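Worksheet: one structure, shown below.
2 protein chains.
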Amino acid sequence: MMQNNQTCQLCERENYQKNIAYEDENFVILFVLEQDFYPLLRIISKNHYKELSDLPDVLRQKLFSLINKCEQIFLQTTAISPKPYKINIASLGNYVPHLHFHVIARWQNDLHFPDSIWSPLRRSKENTDLKISVDEKIIRQSFNKNQ
Amino acid sequence: MMQNNQTCQLCERENYQKNIAYEDENFVILFVLEQDFYPLLRIISKNHYKELSDLPDVLRQKLFSLINKCEQIFLQTTAISPKPYKINIASLGNYVPHLHFHVIARWQNDLHFPDSIWSPLRRSKENTDLKISVDEKIIRQSFNKNQ
Chain A
0 MMQNNQTCQL CERENYQKNI AYEDENFVIL FVLEQDFYPL LRIISKNHYK
50 ELSDLPDVLR QKLFSLINKC EQIFLQTTAI SPKPYKINIA SLGNYVPHLH
100 FHVIARWQND LHFPDSIWSP LRRSKENTDL KISVDEKIIR QSFNKNQ
Chain B
0 MMQNNQTCQL CERENYQKNI AYEDENFVIL FVLEQDFYPL LRIISKNHYK
50 ELSDLPDVLR QKLFSLINKC EQIFLQTTAI SPKPYKINIA SLGNYVPHLH
100 FHVIARWQND LHFPDSIWSP LRRSKENTDL KISVDEKIIR QSFNKNQ
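One line per chain: the protein sequences are A and B, in this order. Note that numbering that gives the first Met the number 0 numbers the first sequence so that position 50 is 49, with each residue one more than the last. Note that numbering that gives the first Met the number 0 numbers the second sequence so that position 92 is 91, with each residue one more than the last.
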């Protein structure tokens, strides 16, 4: 099992000391406002694996469980409002090939809908009436319930 | 459990009678060349669920297992060559809010790398030297091994 990779920026733990929503022995989850707009939970494997299928079975099961938990926090708690219309899930890792997943809240009047958040903009912050509020405390607390 | 939704195009089974790589009671997997370029396996829930967390636990586990299997087929068989540099996994469903996942093969000289396949083009088919070959028979056969 690879422990870390000296040229990988996700292996440098100081890059994710901020905005930690959840952490265990194998994964850390950061809450960020992607593009200064989208509530996003980024699940990062602490050890350096490139692909999902490189993970040992037990860790892959844990990762899947965390992806589902992130979605539930966005949909079933009051952590973000208004309630998202749709959840997007993505693992790309083209820029940084160290396994991580994004769980992203989407609304029909957000900046890119119905396209991906990496697609060309459909509208600007100035011409959407969507105002998102986030309670990060609820997000952090929710990870500790019913684990 | 919702069986299907009359206004949902992914509930109309005739929309995915072609290019079936795998099928069981609950999921169908289509092989497509997305954007006429990217080898992509699209895993579709047969019943109409909007979100991952809406799935019963048993089906969510089965879906996760299929995602991993699709990745393994792209990385560990000779179904596509050259060997992909990276696998991308995504579930958006913004256009069609019926649960489906994409498992996508990526190369460093593909049309969008290192961006998502939904991002603006980085290069055209004419100015990449990447020539991808696909053996769909190997893909179909691989699903039936070690299930």
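Even for Gly, the Cβ is constructed at its ideal location relative to N, Cα and C. Note that this is a predicted model, so its numbers are computed, not measured.
Exercise. Can you find a CB in chain A that lies within less than 8 Å of the CB of B:Ser115?
Worked result: True, the Cβ-Cβ gap to chain A drops below 8 Å.
Exercise. Is the CB of A:Pro55 under 8 Å away from at least one CB in chain B?
Worked result: Judged by the 8 Å Cβ criterion, A:Pro55 is not in contact with chain B.
For this session: Spell out the partners DSSP gives A:Phe100 in its beta bridges.
Result: The partner list for A:Phe100 (beta bridge, DSSP) reads A:Ile42.
Problem set entry | Below-8 Å beta-carbon distance, B:Phe36 vs any chain A residue | So, not an interface residue.
Exercise. So the beta strand (DSSP E) A:Val57 belongs to, where does it begin and stop?
Worked result: Segment 56-75 is the alpha helix (DSSP H) holding A:Val57; no beta strand (DSSP E) there.
Exercise. What in chain B is Cβ-close to A:Arg105, meaning under 7 Å?
Worked result: The answer, in chain order, is Asn93.
Exercise. For A:Val31, which residues of its own chain have a beta-carbon under 7 Å away from its beta-carbon, when the five flanking residues on both sides are left out?
Worked result: Excluding sequence neighbours, A:Val31 sits near Asn18, Leu39, Arg41.
For this session: Figure out for me which residue from A:Cys10, A:Lys82, A:Thr76, A:Ile43 has the closest Cα to the Cα of A:Lys130.
Result: Of the listed residues, the one whose Cα sits closest to A:Lys130 is A:Lys82.
For this session: Please check if any C-beta of chain B sits within less than 8 Å of the C-beta of A:Asn87.
Result: Residue-level contact check: A:Asn87 touches chain B, since one or more beta carbons of chain B fall below 8 Å from its beta carbon.
For this session: Please confirm if A:Gln71 has its CB atom under 8 Å from at least one CB of chain B.
Result: So, interface residue.
Problem set entry | DSSP beta-bridge partners of B:Asn25 | By DSSP's assignment, B:Asn25 forms no beta bridge with any residue.
Exercise. Counting pairs of beta carbons, one from the region 84-98 of chain B and one from the region 131-146 of chain A, are three or more of them closer than 8 Å?
Worked result: With the cut-off at 8 Å, the region 84-98 of chain B and the region 131-146 of chain A do not touch.
Problem set entry | Exposed unless 16 or more other CB atoms sit within 10 angstroms - verdict on A:Asn87 | A:Asn87 is buried by the Cβ-count criterion.
For this session: Check the Cβ of A:Arg59 against every Cβ in chain B and list those closer than 7 Å, keeping chain order.
Result: In chain order, Asn67 make up the part of chain B whose C-beta sits under 7 Å from the C-beta of A:Arg59.
Problem set entry | Close-in-space but distant-in-sequence residues of the same chain around B:Leu58 (CB under 7 Å, 5 per side omitted) | Within the same chain, Cβ atoms closer than 7 Å to the Cβ of B:Leu58 are found at Asn25, the five residues on either side in sequence being excluded.
For this session: Identify which residue in A:Asp56, A:Phe73, A:Ser52, A:Phe63 has its Cα closest to the Cα of A:Lys136.
Result: Of the residues A:Asp56, A:Phe73, A:Ser52, A:Phe63, the one whose Cα lies closest to the Cα of A:Lys136 is A:Phe73.
For this session: Pull up the distance between the alpha-carbon of A:Thr76 and that of B:Thr76, whole angstroms please.
Result: Near 42 Å, if we compare the C-alpha coordinates of B:Thr76 and A:Thr76.
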